[in-house]
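All the letters of the sequence shown, read from the start, carry residue numbers 37 to 355 under this note's numbering. Input: a single structure, listed below in structure tokens.
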Amino acid sequence: MRAAGVTALFILGLVVAPVPAEEQNMEGPVDIDTLWDYNDPAGTEQKFRELRPAVEAAGDVHRLLELDTQIARTYSLQRRFDEANALLDTIEPALETAPPVVRIRYLLERGRTLNSSGSPESAKPLFVEAWELGRPLPEVAGLAVDAAHMVAITEKGDEALRWNETALAHAQASDGPKAQKWKGSLLNNLGWTYHDSGNFDRAYELFVEAAAYRRAQEAVEPIEIADWCVARCLRSLGRVDEALEQQRTLLARKEERGAESDGYVFEELGECLLLLGRPDEARPWFAKAHQALSQDPWLVANEAARLDRLSELAAGDGE
37 MRAAGVTALF ILGLVVAPVP AEEQNMEGPV DIDTLWDYND PAGTEQKFRE
87 LRPAVEAAGD VHRLLELDTQ IARTYSLQRR FDEANALLDT IEPALETAPP
137 VVRIRYLLER GRTLNSSGSP ESAKPLFVEA WELGRPLPEV AGLAVDAAHM
187 VAITEKGDEA LRWNETALAH AQASDGPKAQ KWKGSLLNNL GWTYHDSGNF
237 DRAYELFVEA AAYRRAQEAV EPIEIADWCV ARCLRSLGRV DEALEQQRTL
287 LARKEERGAE SDGYVFEELG ECLLLLGRPD EARPWFAKAH QALSQDPWLV
337 ANEAARLDRL SELAAGDGE
């Protein structure tokens, strides 16, 4: 998640609709990526563990290593970094004779574990190595895009832009659907890089393009995230009335489909109302935002000041 207020799904990259294991074609290899639900890493861990005995019984050593990299990723997302590193340590000795897909997945997950635990400078060379390994191989184009996008996350400013643009170009040049599916996330990431540099006009263009791409995919949650980004950028552009209206529309859509409370929408409703000089109306939204967002371990670990501010604004302080 961008600290500025995007959901964690975009740092993770693709938003992929999970497919239950029982719906997979069990006559052939299960596509590991389709088992992922990034909102539920513990549940995804369980899916991988249920699949593991069949892979082990089949004697597919490399497939087992690949599966274990993804179990390590579920640990990292649950902030169980020691366990993630320990599992990756067991994979490392086999890398010399492993196929590229295993080596790339290992590099990605070791890097993600380091990055998420606060060592982006140590993670970056691993992501660069994964990119260099995957770049010439069409069969792992999606992982190569993932690697380039992770390099961008460890960078800032012009270098972050360059790596996001590199990832986007690779995705667009690939015929592989796994690479092409990165387009929405990369447009979003580019938008946030421009937004963080203060170029709100360019950021807005990219967020609108990302939202259009998500609509073409017809996946509800990614559309809502993209729409949130558009509305958030409108606030930065000073178009606060429009931003408020779009966030209200987004909240209504979420409520209509029975979605869980979204602290980021609550936060933006409060911020817009505060800017419009309506602090009394803003306070309940800040309170709801604090209640929801304080349950997010990533925000608690990385955005304590932001959560404190929400609490103060909910109480009527700091206005």
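Heads up, the beta-carbon is just placed ideally off N, CA and C, and yes, glycines get one too.
Proximity winner among the options, relative to residue i (alpha-carbon distances)
| i | options | result |
| --- | --- | --- |
| Leu287 | Ser272, Gly306 and Cys269 | Gly306 |
| Thr202 | Trp218, Cys308, Thr126 and Ser330 | Trp218 |
| Glu317 | Lys324, Leu309 and Ala323 | Leu309 |
| Pro156 | Ala90, Gly313 and Glu191 | Glu191 |
| Glu195 | Ser233, Leu169, Ala209 and Gln331 | Ser233 |
| Arg99 | Pro136, Asp76, Ala78 and Thr110 | Pro136 |
| Ala134 | Asp67, Tyr240, Ala93 and Val97 | Val97 |
| Ala122 | Tyr111, Leu131, Trp167 and Glu132 | Tyr111 |
| Leu87 | Arg268, Asp104 and Thr126 | Asp104 |
| Ala108 | Pro77, Val91, Pro129 and Glu132 | Pro77 |
| Trp321 | Trp334, Glu168, Ala295 and Glu348 | Glu348 |
| Glu291 | Ala247, Asp344 and Val256 | Val256 |
| Asp332 | Arg115, Arg293 and Trp199 | Arg115 |
Nearest-angstrom beta carbon gap, residue j and residue i [assumed within contact, 8 Å]
| i | j | result |
| --- | --- | --- |
| Arg146 | Leu124 | 5 Å |
| Leu162 | Leu179 | With a Cβ gap of about 13 Å, Leu162 and Leu179 do not count as contacting. |
| Thr80 | Ala120 | That pair is no contact at about 14 Å. |
| Gln282 | Val266 | 7 Å |
| Ser210 | Pro174 | 7 Å |
| Ala215 | Val181 | 5 Å |
Beta-carbon proximity of residue i to residue j, cut-off 8 Å
| i | j | result |
| --- | --- | --- |
| Asn225 | Ala188 | yes |
| Gly299 | Ala262 | no |
| Glu260 | Arg284 | no |
| Pro239 | Tyr249 | According to the sequence displayed, residue 239 carries Ala and not Pro. Result no, Cβ atoms of Ala239 and Tyr249 do not sit closer than 8 Å. |
| Gly193 | Ala183 | no |
| His326 | Leu311 | no |
Boundaries (first-last residue) of the alpha helix (DSSP H) holding residue i
| i | result |
| --- | --- |
| Glu291 | Val276 to Glu292 |
| Pro89 | Pro77 to Ala93 |
| Leu204 | Gly193 to Ala209 |
| Asp332 | Taken as a continuous stretch (DSSP letters only), Asp332 belongs to no alpha helix (DSSP H), as it is neither H nor E. |
| Asn151 | Pro136 to Ser152 |
| Tyr249 | Phe236 to Gln253 |
| Leu124 | Phe117 to Ile127 |
| Leu311 | Gly299 to Leu311 |
| Ile107 | Val97 to Leu113 |
| Trp167 | Pro156 to Gly170 |
| Glu260 | Val256 to Ser272 |
| Leu179 | Ala177 to Thr190 |
| Pro213 | Pro213 to Gln216 |
| Tyr230 | Lys219 to Asp232 |
| Asp344 | Ala340 to Ala350 |
Cα-Cα separation between residue i and residue j, rounded to whole angstroms
| i | j | result |
| --- | --- | --- |
| Glu303 | Asp73 | 25 Å |
| Val336 | Glu102 | 31 Å |
| Ala328 | Glu339 | 14 Å |
| Glu63 | Leu197 | Here Glu63 scores only 44 on pLDDT, less than 50, and its place in the model should not be relied on; the value that follows carries that caveat. About 43 Å. |
| Ala351 | Ala323 | 8 Å |
| Ala207 | Asp69 | 17 Å |
| Gly154 | Trp264 | 27 Å |
| Glu245 | Leu223 | 7 Å |
| Ala94 | Lys160 | 35 Å |
| Arg141 | Arg319 | 45 Å |
| Pro89 | Asn151 | 30 Å |
| Phe243 | Phe236 | 10 Å |
| Val164 | Val138 | 16 Å |
| Pro258 | Ser297 | 16 Å |
| Asp67 | Pro315 | 50 Å |
| Trp228 | Ala205 | 18 Å |
| Gln253 | Glu241 | 19 Å |
| Arg275 | Asp344 | 26 Å |
| Ser330 | Glu132 | 43 Å |
| Thr126 | Gly212 | 31 Å |
| Leu273 | Trp167 | 35 Å |
| Asn200 | Arg293 | 33 Å |
| Arg85 | Ala247 | 35 Å |
| Asn75 | Ala295 | 13 Å |
| Ala341 | Gln82 | 34 Å |
| Val270 | Glu92 | Looking at the sequence provided, one finds Leu at residue 270 rather than Val. Whole-angstrom Cα-Cα distance: 51 Å. |
| Gln106 | Glu278 | 41 Å |
| Glu71 | Phe117 | Looking at the sequence itself, residue 71 is Leu, so the reference to Glu does not match. Looking at the two C-alpha atoms, the distance is approximately 21 Å. |
| Met186 | Trp334 | 17 Å |
| Arg268 | Glu128 | 42 Å |
| Gly313 | Arg251 | 34 Å |
| Leu280 | Ser158 | 40 Å |
CB contact check: residue i to chain B, cutoff 8 Å
| i | result |
| --- | --- |
| Ala90 | No chain B is present in this structure, which holds just one protein chain. |
Heavy atom of the ligand HEM within 7 Å of residue i beta-carbon
| i | result |
| --- | --- |
| Arg148 | Ligands in the displayed structure: none, and consequently the ligand HEM is not present. |
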